[in-house]
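Presented below is the structure to which this report refers.
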Amino acid sequence: MMEDSKNQEKANAINLENVYLNPEKLVPPSDQTSDENLKIGFKHKLFKHRGIFYSLAAALFISFSGILTKYCEYFNGSEIAGIRYFFQFTVMLVFAVCHKEKLLGEAGQRKILMFRALFGTIGLLVITLSFKLIDPSDTISLVNCSIIIVSVLSRIILKEKYTICHLLALTMTFSGVLFIAQPSFLISKKSHLNKTNLVQNNTIESQDADFNRYLGIGFGLVGAFAASVVSILLKKLANNKVHFSIAIIYASYLGFPVCSLISFILLYTGQEVKPYIKVGIAVLSAISGLMGQACMNFAFSHEDVTKVSLCVGSSVNSGLGDNDNDL
Numbered sequence: 001m002m003e004d005s006k007n008q009e010k011a012n013a014i015n016l017e018n019v020y021l022n023p024e025k026l027v028p029p030s031d032q033t034s035d036e037n038l039k040i041g042f043k044h045k046l047f048k049h050r051g052i053f054y055s056l057a058a059a060l061f062i063s064f065s066g067i068l069t070k071y072c073e074y075f076n077g078s079e080i081a082g083i084r085y086f087f088q089f090t091v092m093l094v095f096a097v098c099h100k101e102k103l104l105g106e107a108g109q110r111k112i113l114m115f116r117a118l119f120g121t122i123g124l125l126v127i128t129l130s131f132k133l134i135d136p137s138d139t140i141s142l143v144n145c146s147i148i149i150v151s152v153l154s155r156i157i158l159k160e161k162y163t164i165c166h167l168l169a170l171t172m173t174f175s176g177v178l179f180i181a182q183p184s185f186l187i188s189k190k191s192h193l194n195k196t197n198l199v200q201n202n203t204i205e206s207q208d209a210d211f212n213r214y215l216g217i218g219f220g221l222v223g224a225f226a227a228s229v230v231s232i233l234l235k236k237l238a239n240n241k242v243h244f245s246i247a248i249i250y251a252s253y254l255g256f257p258v259c260s261l262i263s264f265i266l267l268y269t270g271q272e273v274k275p276y277i278k279v280g281i282a283v284l285s286a287i288s289g290l291m292g293q294a295c296m297n298f299a300f301s302h303e304d305v306t307k308v309s310l311c312v313g314s315s316v317n318s319g320l321g322d323n324d325n326d327l
């Protein structure tokens with residue numbers, strides 16, 4: 001009897017020691033399981049919507065690339081696009097070789113890849129030209145019309161369904177274009193520069209300015225259509241598990257030679273020698289654009305194309321970036 005009581009006291013002492021040393025054991029097992037499930041559920045939700053985070057990152061890089069492009073006044077559109085395609089080709093070639101991907105892609109996907117390269121090259125060139133011909137906010141507004149085109153094409157081609165979130169986001173994007181970007185072809189803007197031009201410029205210069213403005217608007221609309229087609233093609237490639245390096249590098253196969261040829265043709269037009277600082281800005285713009293392109297491809301692998309386009313289109317609300325980086 002005495003031995004039993006001693007054993008009981010020892011057991012109580014051990015239990016008391018465990019309580020002080022391991023207070024978490026006071027929590028019932030059911031509560032611990034509930035907390036673990038809550039943490040796992042939260043992580044799962046974040047991981048499930050990683051495509052949205054990729055899209056927002058792409059919007060950030062796109063805006064930064066657009067800011068830098070704005071200050072590359074010594075470069076024409078083909079030169080900026082050529083620098084972008086050079087870095088795009090070099091970096092994605094390394095990724096493709098490391099992952100042992102076929103550089104021409106699978107035989108069944110080459111047709112889509114060629115169309116992606118064609119529309120990407122056209123889009124990047126005309127958007128860059130538009131960005132240099134007219135006010136940046138005007139180019140941003142025009143190119144973000146691609147969001148509406150994407151939503152229509154995705155419904156027809158990819159059979160994606162509209163939701164209340166889609167409609168709300170489209171409305172907010174349209175509001176951002178109208179009230180924040182404020183394109184000059186919709187809302188007249190009076191500035192000191194415009195007043196000075198009215199006083200100093202003659203009739204011929206005014207006509208040239210109008211021609212450049214209409215040309216820039218036309219380039220922006222063509223770029224919007226090209227960007228929307230590229231978004232649909234990238235989503236189809238992502239659905240078919242085509243590696244992002246192949247989807248990106250294909251645009252360089254066509255874009256880099258075309259832009260290089262145009263740049264050589266324009267080489268003897270009397271343009272000033274490029275300062276080294278401007279070359280550095282152009283390179284940074286290209287790298288930022290490439291990062292935006294990569295994030296776009298990651299986003300297309302996890303979200304539907306309309307959501308990605310809407311998230312990336314949020315860069316329009318900052319009034320800073322151009323939306324050419326899915327090209």
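FYI, in the UniProt record's numbering the residues of the sequence shown are 1 to 327. Where is the CB? At the ideal position from N, CA and C, for every residue including glycine.
Of Phe256, Phe264, Ile246, the smallest CA-CA separation from Phe95 is found for Ile246.
Taking the Cα of Gly292 as reference, the smallest distance to any Cα among Thr306, Cys311, Asn212 is reached at Cys311. Of the other Cβ atoms in all chains shown, 16 or more fall within 10 Å of the Cβ of Lys307; this residue is therefore buried. Boundaries of the alpha helix (DSSP H) around Thr90: 77-98. Exclusion of the five residues before and after Ser228 leaves Ser146, Ile149, Val150, Leu153 as the residues of its chain whose Cβ lies within less than 7 Å of its Cβ. Contact annotation: Tyr85 and Ser252 have beta-carbon atoms nearer than 8 Å. Assignment of Ser301 by DSSP, reduced to helix, strand and coil, places it in the coil class.
Phe219 places its beta carbon less than 8 Å from that of Leu129. Going by C-alpha positions, Arg116 is about 9 Å away from Ala226. Closest in C-alpha terms to Tyr214, from the list Arg50, Lys100, Asp138, comes Asp138. A straight line joining the alpha-carbon of Arg110 with that of Val258 spans about 20 Å. Judged by their CB atoms, Leu234 and Phe131 are not nearer to each other than the 8 Å cut-off. A distance below 8 Å between beta-carbons, with the five flanking residues on each side excluded, links Asn297 to the following residues of its chain, in chain order: Leu234, Ala238, Phe244, Ala247, Ile248. Going by DSSP, Cys259 is part of the alpha helix (DSSP H) stretching over 244-265. Residues Ile83, Arg84, Phe87 of the same chain have their beta carbon placed closer than 6 Å to that of Ala286, with the five preceding and five following residues left out of the count. Judged by beta-carbon spacing, Gly223 lies beyond the 8 Å limit of Thr121, meaning their Cβ atoms are not closer than that value.
Going by C-alpha positions, Thr163 is about 19 Å away from Ser231.
By the Cβ-count criterion, Glu303 is buried, with 16 or more other Cβ atoms from all chains shown falling within 10 Å of its own Cβ. DSSP places Leu290 within a helical segment (H, G or I) once states are collapsed to three.
In this structure, DSSP gives Lys235 a helical state, which the three-state scheme calls helix. Between Leu290 and Leu68, the gap from beta carbon to beta carbon reaches 8 Å or more.
A distance of 8 Å or more separates the beta carbons of Asn212 and Leu125. His99 has its alpha-carbon roughly 33 Å from the corresponding atom of Ser263. Ranked by Cα distance from Leu221, the options Ile52, Ala107, Ile127, Val91 are led by Ile127. In this structure Tyr250 is not in contact with Leu158, their Cβ atoms being roughly 20 Å apart against a cut-off of 8 Å. At a Cβ-Cβ threshold of 8 Å, Asn144 and Leu266 do not count as neighbours. A straight-line Cα-Cα distance of about 37 Å links Phe89 and Leu167. Sixteen is the threshold: since fewer than 16 other Cβ atoms of the shown chains lie within 10 Å of the Cβ of Val97, the residue is exposed. Here the alpha carbon of Lys161 sits roughly 11 Å from the alpha carbon of Val305.
DSSP, reduced to helix, strand and coil, places Tyr162 outside both helices and strands of the structure shown, so it counts as coil.
No Cβ-Cβ contact shorter than 8 Å links Ala81 with Cys295. Under the three-state reduction of DSSP, Ile127 is assigned to helix. Ile217 sits buried, since 16 or more C-beta atoms from the chains shown fall within 10 Å of its C-beta. With a threshold of 16 other beta carbon atoms within 10 Å, Ile156 falls short and is exposed.
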